[in-house]
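Colleague: Reading the sequence shown from the start, the letters are residues 1 to 380 in full-length UniProt numbering.
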Amino acid sequence: MIPSSLPLRADLRGEEPYGAPQLDVPVCLNVNENPYAPSPEVIDAIVQHVHDISGTLNRYPDREHIELRKALSRYLAQESHVDLPAECLWAANGSNEIMLQLFQAFGGPGTTALGFAPTYSMYPEYARDTFTGWQTVERNDDFTLNRERAVKAIEDIGPSIVLATSPNNPTGTPLSMEDTLELLAACERTQVAGAASGVHPILVVDEAYIEFRSADVPSATTLIAEHPHLAVSRTMSKAFAYAGARLGYLAASQGIIDAVRIVRMPYHLSAVTQAVALAALEHADEQLAQVAHLRQTREETKQWLESLQVHGNPIRVADSQSNFLFFGTFPDREFVFNELLKRGVLIRDVGPTGWLRVCMGTDEEMERFRDAFREVLALL
Ligand code: PMP
C-alpha cells in the first residue's frame, strides 16, 4: 500500500510491481527456467571463483568487467559462430537491466519504442520507466511477424527503438533472418521522428531463448559486424540454467555499447556476480547439457497437446523455438490455470485471451503436468 501522501509520480499511481506469482508448489512451469540444477563440478567451480575474489571485496569491482566480456565473446564464438571483440559485449544484472539501459540511452521523452504484439509484458514497463512512448503492431494469426505492417509502422512512426523478440515470449515464435534483415533495412532508411537529420532507429533483438532454436535459425549476432544499429540482448537465465545468478548481456557495435556505458550505474555488476558468471562460462557445455533434451520435450509435448480437444475443437499450439509452449484456446483460461494449480502445477496465464503458456520441466514434472491437464480437461 502506497500512502496517497507520498509524492509518487502521477503515472505510477495505481501500478503494481511486475512479476509472475512465486508460489511454493511442487511443479513450477511458469517462468521459463531451465529445470536442471548446476552439476557438482560447476558448483565446485563457483565456490572456487567466489573464494578467489572474496579477499578483494573491500574494493569496488572492475567497472568494465573485462574478463567477463572476453568470456562472453568466447561463448558467442562457440554458440553462435560469431567473432565479436570484448568491446562489442556488455553485461548487466539480467537482460531486463540490459534492456532498461538501452531504453535509458536511446529512449526518453519525445521518443517511441515499437514492438510486435503479443510480446514480452515487461517491454511497456521499460518504456514507462524511461518516459518513452510504447507502440505495438499486431503479429499474424500464427504469431509470426507481419512484415508489411512492421515496416510501415517503422516508416510512419520513426521510433528510436524497434524491439523484436526471437524467439518471442509468450508465443515461442522465432524471427526469420529475412524478417530481421527487413526490419534492419527499414531502420536504416528511416529518420527518427523529431531527431536531427541522419539519425536512424536501433533494432534491438531480444534473444533470451535463442539457444533453444533449431540449428537452421542463425542468431542475429551474426549481423552485428555489418549493422551498427543492431543490438542483440541475451541472458544466462534460460537455456544456460543460471536464472539465479542474474546475468544478461548485450552484443552490439562499439557505439551502442559506449552509449549504454553512459547510463549504467557505477559498478553495477558486483564482483560476486562477475566471478559466478565466469565460473559457469568455463563450464558452458555442462550448463547447456540438457538443452537438446528440453527441445525434444517441447516437440513431444506439442504433439501431445495437439492430440487433445476442448469442446470438440483441437487444441492449438504455436510453433515454438523456445523452452515453452503457448496453447489454447480455452473459453475460461483462469479455470484451467486454477485447476492445474490445485493439482500442484503452476503455469502462466499471459498473452491473448484464452491462451496459456507452459514451460518445459524435467520428465517427472512433465508427467505431472500431463496427468493434471488430463484431469482438468475432463472437467471442461
Ligand atoms: N526477455 C524475455 C523475452 C524474457 O522472457 C525474459 C524473462 N522472462 C527476459 C528478457 C529477462 O530475463 P533476465 O532478466 O532473467 O535475463
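The C-beta atom is built at its ideal place from N, Cα and C for all residues, glycine as well.
When the Cα atoms are used, what is the spatial distance from alanine 117 to glutamate 148?
Modeller: Here residue 117 refers to the residue found at position 117 of the sequence shown. Here residue 148 refers to the residue found at position 148 of the sequence shown. When rounded, the distance between both Cα atoms is 15 Å.
Colleague: What does the alpha-carbon distance come out to for the pair leucine 12 and serine 5?
Modeller: For the purposes of this step, residue 12 is taken as the residue at position 12 of the sequence shown. For the purposes of this step, residue 5 is taken as the residue at position 5 of the sequence shown. Their Cα atoms are separated by approximately 14 Å.
Colleague: If you drop the 5 nearest sequence neighbours on each side, which residues of the same chain put their C-beta closer than 6 Å to that of isoleucine 210?
Modeller: Within the sequence shown, numbered from 1, the residue matching residue 210 stands at position 210. Contacts found: Ser219.
Colleague: Quick one: any contact between the segment 152-169 and the segment 103-121, if contact means 3 or more CB pairs under 8 Å?
Modeller: Because the criterion of three Cβ pairs below 8 Å is met, the segment 152-169 and the segment 103-121 touch.
Colleague: If you measure between the beta carbons of residue 382 and valine 336, is that distance less than 8 Å?
Modeller: With the chain covering only 1 through 380, there is no way to say anything about residue 382.
Colleague: How many angstroms separate the CA atom of histidine 283 from the CA atom of valine 42?
Modeller: Sequence index remark: in the sequence shown, residue 283 carries index 283 (1-based). Sequence index remark: in the sequence shown, residue 42 carries index 42 (1-based). Whole-angstrom Cα-Cα distance: 7 Å.
Colleague: Any chance the CB of glycine 19 is under 7 Å from a heavy atom of the ligand PMP?
Modeller: Position 19 of the sequence shown, counted from the first residue, corresponds to residue 19. No, the ligand PMP has no heavy atom inside 7 Å of this Cβ.
Colleague: At a cut-off of 7 Å, would you count asparagine 96 as near the ligand PMP, judging by its Cβ distance to the nearest heavy atom?
Modeller: The residue you call residue 96 lines up with position 96 of the sequence shown. For the ligand PMP, at least one heavy atom lies less than 7 Å from the Cβ of asparagine 96.
Colleague: Mind pulling the alpha helix (DSSP H) runs of 4 or more residues that sit fully within the segment 254-305?
Modeller: 254-263, 271-281 and 284-287, all fully within the segment 254-305.
Colleague: Should glutamine 321 and proline 167 be called a contact, given that it needs their Cβ atoms to be closer than 8 Å?
Modeller: The sequence position of residue 321 within the sequence shown is 321, counting from 1. The sequence position of residue 167 within the sequence shown is 167, counting from 1. Contact flag set, yes.
Colleague: Determine, using beta-carbon pairs with one atom in the segment 357-364 and one in the segment 189-206, whether at least three such pairs fall under 8 Å.
Modeller: Judged by Cβ distances under 8 Å, the segment 357-364 makes no contact with the segment 189-206, as fewer than three pairs qualify.
Colleague: Do the segment 184-203 and the segment 338-349 make contact, defined as three or more Cβ pairs closer than 8 Å?
Modeller: At 8 Å Cβ cutoff, the stretches do not touch.
Colleague: For the alpha helix (DSSP H) containing aspartate 332, list its first residue and its last residue.
Modeller: For the purposes of this step, residue 332 is identified with residue 332 of the sequence shown, where counting begins at 1. From DSSP, aspartate 332 is part of no alpha helix (DSSP H); its letter is neither H nor E.
Colleague: Terminal residues of the continuous alpha helix (DSSP H) containing serine 80?
Modeller: For this step, residue 80 is matched to residue 80 along the sequence shown. Its alpha helix (DSSP H) spans residues 66-80.
Colleague: If you check the beta carbons only, do arginine 234 and glycine 244 fall under 8 Å apart?
Modeller: In the sequence shown, residue 234 corresponds to position 234, counting from 1. In the sequence shown, residue 244 corresponds to position 244, counting from 1. Not closer than 8 Å, so no.
Colleague: Do aspartate 319 and threonine 180 count as a contact pair if the criterion is CB distance below 8 Å?
Modeller: Your numbering for residue 180 matches position 180 in the sequence shown. Your numbering for residue 319 matches position 319 in the sequence shown. Against a cut-off of 8 Å, the Cβ pair of aspartate 319 and threonine 180 comes out as no contact.
Colleague: Report the option in Val291, Glu79, Pro331 and Arg128 whose CA atom is closest to the CA atom of methionine 99.
Modeller: Within the sequence shown, numbered from 1, the residue matching residue 99 stands at position 99. Selected option, being the one with the closest Cα: Arg128.
Colleague: Please report the distance separating the alpha-carbon of leucine 23 from that of arginine 348.
Modeller: Here residue 23 corresponds to residue number 23 of the sequence shown, with the count starting at 1. Here residue 348 corresponds to residue number 348 of the sequence shown, with the count starting at 1. In a straight line, the C-alpha of leucine 23 is about 12 Å away from that of arginine 348.
Colleague: Strictly by DSSP, which residues pair up with proline 3?
Modeller: Your numbering for residue 3 matches position 3 in the sequence shown. Per DSSP, none; premise fails for proline 3.
Colleague: Quick check: does the Cβ of aspartate 206 come within less than 7 Å of any heavy atom belonging to the ligand PMP?
Modeller: To locate residue 206, count along the sequence shown from 1; it is residue 206. Checking every heavy atom of the ligand PMP against the Cβ of aspartate 206, one is found closer than 7 Å.
Colleague: With distances taken from CA atoms, which of Trp134, Ala150, Ala86 and Gly133 is nearest asparagine 140?
Modeller: Numbered from 1 along the sequence shown, position 140 holds the residue referred to as residue 140. Closest by alpha carbon: Ala150.
Colleague: What would DSSP say about glutamine 309, mapped onto helix, strand or coil?
Modeller: Along the sequence shown, read from residue 1 onward, the residue named residue 309 stands at position 309. Here glutamine 309 sits in strand by DSSP.
Colleague: For the 8 Å Cβ check, are there 3 or more pairs between the segment 259-276 and the segment 49-59?
Modeller: Enough Cβ pairs lie closer than 8 Å, so yes.
Colleague: Measuring only between beta-carbons, confirm whether glutamine 78 sits less than 8 Å from chain D.
Modeller: Absence of chain D from the displayed structure is noted, only one protein chain being present.
Colleague: Should the segment 255-262 be called in touch with the segment 19-35, which here means at least 3 C-beta pairs below 8 Å?
Modeller: Touching, no.
Colleague: Could you pull out every residue in the same chain whose Cβ sits closer than 8 Å to the Cβ of glutamate 334, ignoring the five residues on either side in sequence?
Modeller: Here the question's residue 334 lines up with position 334 in the sequence shown. Excluding positions up to five away in sequence, the list reads Asp349.
Colleague: Let's test the definition: count the other Cβ atoms within 10 Å of the Cβ of glutamate 16 and tell me whether it reaches 16, buried, or not, exposed.
Modeller: The residue labelled residue 16 in the question sits at position 16 within the sequence shown. Burial call: exposed.
Colleague: May I have the straight-line CA-CA distance separating glutamate 155 from alanine 231, to the nearest angstrom?
Modeller: Position 155 of the sequence shown, counting from 1, holds the residue named residue 155. Position 231 of the sequence shown, counting from 1, holds the residue named residue 231. If you take the alpha carbons of glutamate 155 and alanine 231, they lie about 19 Å apart.
Colleague: Give the range of the alpha helix (DSSP H) segment to which tyrosine 120 is assigned.
Modeller: Residue mapping note: residue 120 aligns to position 120 of the sequence shown, counting from 1. First-last for tyrosine 120: undefined, no H or E at that position.
Colleague: Going by the CB atoms, is the gap between tyrosine 120 and threonine 165 shorter than 8 Å?
Modeller: By one-based count along the sequence shown, residue 165 stands at place 165. By one-based count along the sequence shown, residue 120 stands at place 120. Yes; because the gap between Cβ atoms is below 8 Å, this pair is in contact.
Colleague: Does DSSP put arginine 374 in a helix, a strand or coil?
Modeller: If you number the sequence shown from 1, residue 374 lands on position 374. Correct three-state label for arginine 374: helix.
Colleague: Give the straight-line distance between the Cα atoms of arginine 213 and alanine 239, rounded to the nearest whole angstrom.
Modeller: Translated into the one-based positions of the sequence shown, residue 213 becomes position 213. Translated into the one-based positions of the sequence shown, residue 239 becomes position 239. The alpha-carbon atoms of arginine 213 and alanine 239 are separated by roughly 10 Å.
Colleague: Once DSSP output is grouped into helix, strand and coil, what is the label at serine 233?
Modeller: Position 233 of the sequence shown, counting from 1, holds the residue named residue 233. Note: serine 233 maps to strand in three-state DSSP.
Colleague: Using 8 Å as the cut-off, can you tell me whether the segment 60-73 makes contact with the segment 308-319, which would need three or more C-beta pairs spanning the two stretches below that distance?
Modeller: They do not touch, by the three-pair rule.
Colleague: For glutamate 364, is the classification buried or exposed, using 16 other Cβ atoms within 10 angstroms of its Cβ as the cut-off for buried?
Modeller: Stepping through the sequence shown from its first residue, residue 364 is reached at position 364. The residue is exposed, with fewer than 16 neighbouring Cβ atoms inside 10 Å.
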